[in-house]
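Chains as they are written, first to last, in this note's numbering: chain E, 233 to 346; chain P, 87 to 201. Every residue, glycine too, gets a C-beta built ideally from N, C-alpha and C. Report on the structure given below.
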């Protein structure tokens, strides 16, 4: 069973607008972590934001915020005030329990236009 | 912040030869590192977990004799693609976790082309 689902293969957003990238997950482990990474065309994986399953508040990092809906098992990434440099692939990932390995979703390609 | 360095960034090799890719944690010790493979426009697929001082743990479907992993020190893991074939051409990327409840740091990735 797929554990991380990103249903949007591609998204478009106008510069300075906000955009939400969807991510749902599936796990029976009460302890888990959720991550978002950005991958530009160069291939590097850039860490954006982390949300722990026991965190009471939604994570925020600058223009990035994570809309964590635990009951719905969703962890959507919100990018505010989009910039042209935000154009890239975005991956949602999950780490279960005590393991350190990350399982990735299929990714969403975000394109920001002027 | 913590840095993971991966080398080489690009390599082209002939069919039948072997290629070694290095992954180093530069300012922290990593008892565990992970190797991923990424096909064009696809997601990262975990290949194996590299364990310092012990054998690597491979994911289902990954040939351990094809993809040799050595984690000889707390700062270095290597992935050797043996007897490479064109179908092994891919983007390979390593990662190392800094600790519990923190992000994993990724190397820059290696684009392997087998001709």
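Whose C-beta lies closer than 6 Å to the C-beta of residue i among residues of the same chain, with five residues either side of it excluded?
i: residue 293(E); result: 281
i: residue 259(E); result: 328
i: residue 267(E); result: 282, 325
i: residue 174(P); result: 167, 200
i: residue 156(P); result: 164
i: residue 111(P); result: 90, 161, 182
i: residue 96(P); result: 197
Report the CB separation of residue i from residue j in whole angstroms; it is logged as a contact under 8 Å.
i: residue 236(E); j: residue 269(E); result: Actually they do not touch by this definition, with Cβ atoms about 12 Å apart.
i: residue 163(P); j: residue 136(P); result: 4 Å
i: residue 238(E); j: residue 339(E); result: 6 Å
i: residue 201(P); j: residue 107(P); result: Residue 201(P) to residue 107(P), Cβ: 17 Å. No contact.
Using a Cβ-Cβ cut-off of 8 Å (strictly less than) and excluding sequence neighbours within five positions of residue i, which residues of its own chain qualify?
i: residue 122(P); result: 130, 131, 132, 133, 178, 179, 180, 181
i: residue 290(E); result: 283, 297, 298, 299, 300
i: residue 240(E); result: 253, 254, 340
i: residue 143(P); result: 134, 135, 137
i: residue 304(E); result: 256
Just the chain P side, please: which residues come within less than 7 Å of residue i by C-beta, in chain order?
i: residue 338(E); result: 129
i: residue 279(E); result: 189
i: residue 267(E); result: 189
Is the Cβ-Cβ distance between residue i and residue j less than 8 Å?
i: residue 102(P); j: residue 275(E); result: no
i: residue 160(P); j: residue 115(P); result: yes
i: residue 255(E); j: residue 306(E); result: yes
i: residue 90(P); j: residue 198(P); result: no
i: residue 153(P); j: residue 333(E); result: no
i: residue 243(E); j: residue 342(E); result: yes
i: residue 192(P); j: residue 277(E); result: yes
At 9 Å on the CB atoms, spell out the chain E contacts of residue i, in chain order.
i: residue 199(P); result: Result: empty, since nearest Cβ-Cβ is about 14 Å, beyond 9 Å.
i: residue 183(P); result: 327, 332, 333, 334
Cutting at 7 Å between CB atoms, please list the residues of its own chain near residue i, excluding the five before and the five after it.
i: residue 336(E); result: 236, 323, 325
i: residue 183(P); result: 118, 190
i: residue 315(E); result: 247, 344
i: residue 148(P); result: 133, 134
i: residue 295(E); result: 311, 312, 313
i: residue 93(P); result: 108
i: residue 100(P); result: 201
i: residue 176(P); result: 123, 124, 125, 198
i: residue 145(P); result: 132, 133, 134
Residue i touches chain P at which residues, Cβ-Cβ below 8 Å?
i: residue 333(E); result: 120, 132, 135
i: residue 323(E); result: 129, 130
Whose Cβ in chain E lies nearer than 8 Å to the Cβ of residue i?
i: residue 155(P); result: Under the 8 Å cutoff, chain E gives no residues; its nearest Cβ is about 14 Å from residue 155(P).
So which residues on chain E does residue i lean against when the C-beta distance must stay under 7 Å?
i: residue 177(P); result: 275
i: residue 195(P); result: 275, 276
i: residue 125(P); result: Within chain E, no residue comes near residue 125(P); the closest Cβ sits about 11 Å away, beyond 7 Å.
i: residue 114(P); result: Chain E residues near residue 114(P): none, gap ~13 Å exceeds 7 Å.
For chain B, is any of its Cβ atoms less than 8 Å away from the one on residue i?
i: residue 151(P); result: In the structure shown, chain B cannot be found, because the protein chains are E and P.
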